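Under numbering that gives the first Met the number 0, think of the first position of the sequence shown as 0, with each following residue one higher. Glycine residues also receive a C-beta, built at the ideal position from the N, C-alpha and C atoms. Since the model is a prediction, treat every value here as computed from it, not as a measurement. What follows is a set of notes on a single structure, which appears directly below.
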Amino acid sequence: MRKRIFIILTFAAVSLCAAAQSSGFKQLDKWLDIWKETQQTFFGYPVNEQSALHGFYEWYVASGMDVININNAGDPMVDNPANWSSQAFEREVIEFFEPLYGFPKHKAWGIVTHSGTDGNNHGIYFGVKYLYNKTGKMPIVYVSDEAHYSNMRICDLQNLDIRLIKSDEMGRMIPEELEKAIDPNRPILMIYAMGSTFKGAIDDQDALNAVLKKFPKTAVFRHVDAALFGGYLPFTKHKKMVSQQHMHYDAIAISGHKFFGIDSPCGLFLCSREVYDNQNNFEVTYLNGNMRMINCSRDAVQPLKFWWLIHTVGYDKWAEQAEQMMECTAYLKQQLDMIGWPCWVNKYSNTVFFKRPSPEIVSKYNLAQGYDERFGGELAHIVVMQHVTKDKIDKFIAELKK
0 MRKRIFIILT
10 FAAVSLCAAA
20 QSSGFKQLDK
30 WLDIWKETQQ
40 TFFGYPVNEQ
50 SALHGFYEWY
60 VASGMDVINI
70 NNAGDPMVDN
80 PANWSSQAFE
90 REVIEFFEPL
100 YGFPKHKAWG
110 IVTHSGTDGN
120 NHGIYFGVKY
130 LYNKTGKMPI
140 VYVSDEAHYS
150 NMRICDLQNL
160 DIRLIKSDEM
170 GRMIPEELEK
180 AIDPNRPILM
190 IYAMGSTFKG
200 AIDDQDALNA
210 VLKKFPKTAV
220 FRHVDAALFG
230 GYLPFTKHKK
240 MVSQQHMHYD
250 AIAISGHKFF
260 GIDSPCGLFL
270 CSREVYDNQN
280 NFEVTYLNGN
290 MRMINCSRDA
300 VQPLKFWWLI
310 HTVGYDKWAE
320 QAEQMMECTA
330 YLKQQLDMIG
340 WPCWVNKYSN
350 TVFFKRPSPE
360 IVSKYNLAQG
370 YDERFGGELA
380 HIVVMQHVTK
390 DKIDKFIAEL
400 KK
């Protein structure tokens, strides 16, 4: 009898699960089925396909949060954030990450952003206002020609003078080229790429800072675009590279939808308190606050997701994931070398780029494509995220052998 009841209940649970998976819209369900099928071989882009937010969504719906409209319009770092927002949680998120990026305690200001681009937008905007308020002059922006395209688009949006600095063959800004390009009569707004778009290059901040020291009378602001690499590096032995105290940058932008596995675009923006205190004031009476950030409304759910992950995944698990990613990156490079497939990887990077394989393999593994004559022309890359395991790498290598 008990066995029969168990079977009936199990069948009912499976039926309910199947029903729950259907939206009632064939087009939507078909799209989801295709995405689920390709999800685990999504190798070409920096997305963590092992999101840990299932429990969050169970709570979100069961608690009734799905019918509550909340808006983080204001400064989360003030003493009394608005009750109708999630800014108290947003502040806890910033305070958790503050020491991981080497900011002295209570010496950072930050927000949860809409995306990595939103973080770069704040970094560049804050840098411009900081330098102008200090010197009365508009700065020139210096950025690598292989940095993420958002930096160039933002300079266009903000109508800024920009100088693209030539990078070496591995994608790193060349210090000698920066020195030749600098105009010492105007402030310098440096953008450091911590993980270039295709080759995963990290600009050598020590070497580039040495160049900047040659212009002691010129004001400097340093922003780090650390979208993907800023996610995992704080949890590795290379954490000094993202430390504000060691690298002396002024602002940094990190993505939340990459290493951390948040299921839609968001990120973190942190800067020093000195930078924030030298922004233009925008006192908004009906919000009872000083609105120095660019965005008026900010997503109030993303900080809750970040907060949830801090408390359910946390530092130790993220450190394990970061170590696994670095091990699998080295393993992928080793396996490609063993079959004689031309490939390259930058130091500290989880991105391996290589001779482009057949269109069928490019399509199956969703490989990002690039082109560089210095490496033989047509290229592709794999970004080794949490779901790119050694077993999956072995299957990929086996297909390349064919």
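With a 10 Å radius around the Cβ and a threshold of 16 neighbouring Cβ atoms, residue 292 comes out buried. Rounded to whole angstroms, the separation of the alpha carbons of residue 56 and residue 387 is 25 angstroms.
With respect to residue 365, residue 102 sits apart: the two C-beta atoms are not nearer than 7 angstroms. For the options 249, 127 and 49, the alpha carbon positioned closest to that of residue 317 is the one of 49. Among the bridge pairs identified by DSSP, residue 140 is matched with 161 and 188. With contacts defined by Cβ atoms closer than 7 angstroms, residue 154 and residue 161 form a contacting pair. The beta-carbon distance between residue 198 and residue 328, rounded to whole angstroms, is 13 angstroms. This is too long to meet the 8 angstroms contact definition.
Within the same chain, and ignoring the five residues on either side of residue 169 in sequence, the residues whose Cβ sits closer than 8 angstroms to its Cβ are 198, 200, 343 and 345. If you look at residue 342, you'll find it in the beta strand (DSSP E) that goes 342-344. Residue 181 and residue 249 have their C-alpha atoms roughly 19 angstroms apart. Residue state for residue 58 is assigned as helix, using DSSP reduced to three classes. Of all alpha-carbon atoms in 323, 190, 208 and 195, the one lying nearest the alpha-carbon of residue 369 is that of 195. Residue 263 counts as exposed, since fewer than 16 other C-beta atoms from the protein chains shown sit within 10 angstroms of its C-beta. Using a 10 angstroms sphere on the CB of residue 45, the tally of other CB atoms reaches 16 or more, which defines it as buried. Per DSSP, the beta bridge partners of residue 382 are 350. A buried status is given to residue 108, since no fewer than 16 other beta-carbon atoms sit within 10 Å of its beta-carbon.
Residue range 86-96 is occupied by the alpha helix (DSSP H) that includes residue 95. A distance below 7 angstroms separates the beta carbons of residue 75 and residue 86.
Around the beta carbon of residue 166, 16 or more other beta carbons lie within 10 angstroms, which makes this residue buried. Secondary structure within the segment 250-335: the beta strand (DSSP E) runs of 3 or more consecutive residues, fully enclosed, are 250-254 and 266-271 (chain order). When secondary structure is reduced to three states using DSSP, residue 166 falls in the strand class. For residue 197, the secondary structure class from DSSP, reduced to helix, strand or coil, is coil.
Three or more Cβ pairs drawn from the segment 251-259 and the segment 217-233 lie within less than 8 angstroms of each other, which places the two stretches in contact. Per DSSP, the beta bridge partners of residue 224 are 192 and 252.
In terms of Cα proximity to residue 119, the closest of 303, 156 and 208 is 156.
Note: residue 108 is bridge-paired with 270 in the DSSP secondary-structure output. Residue 220 sits close to residue 129, with the two beta carbons spaced by under 7 angstroms. Here residue 324 has 231, 349, 383, 384 and 385 as same chain residues with Cβ atoms under 7 angstroms from its own Cβ, once five neighbours each way along the sequence are excluded. Residue 174 sits buried, since 16 or more C-beta atoms from the chains shown fall within 10 Å of its C-beta. Taking 8 angstroms as the upper bound for CB-CB distance, residue 222 and residue 126 are in contact here, some 6 angstroms apart.
In its chain, beyond the 5 residues on either side, 28 have a beta carbon closer than 7 angstroms to the beta carbon of residue 21. Counting C-beta atoms within 10 angstroms of its own C-beta, residue 115 has 16 or more neighbours from the protein chains shown and is therefore classed as buried. In the three-state DSSP reduction, residue 79 falls in the coil class, being neither helix nor strand.
In the three-state reduction of the DSSP assignment, residue 44 falls in the coil class, being assigned neither a helical nor a strand state.
In the assembly as shown, residue 326 is an exposed residue. Its beta-carbon has fewer than 16 other beta-carbons within 10 Å.
Around residue 381, the same chain offers 42 and 351 as residues with beta carbons nearer than 6 angstroms, after the five sequence neighbours per side are excluded.
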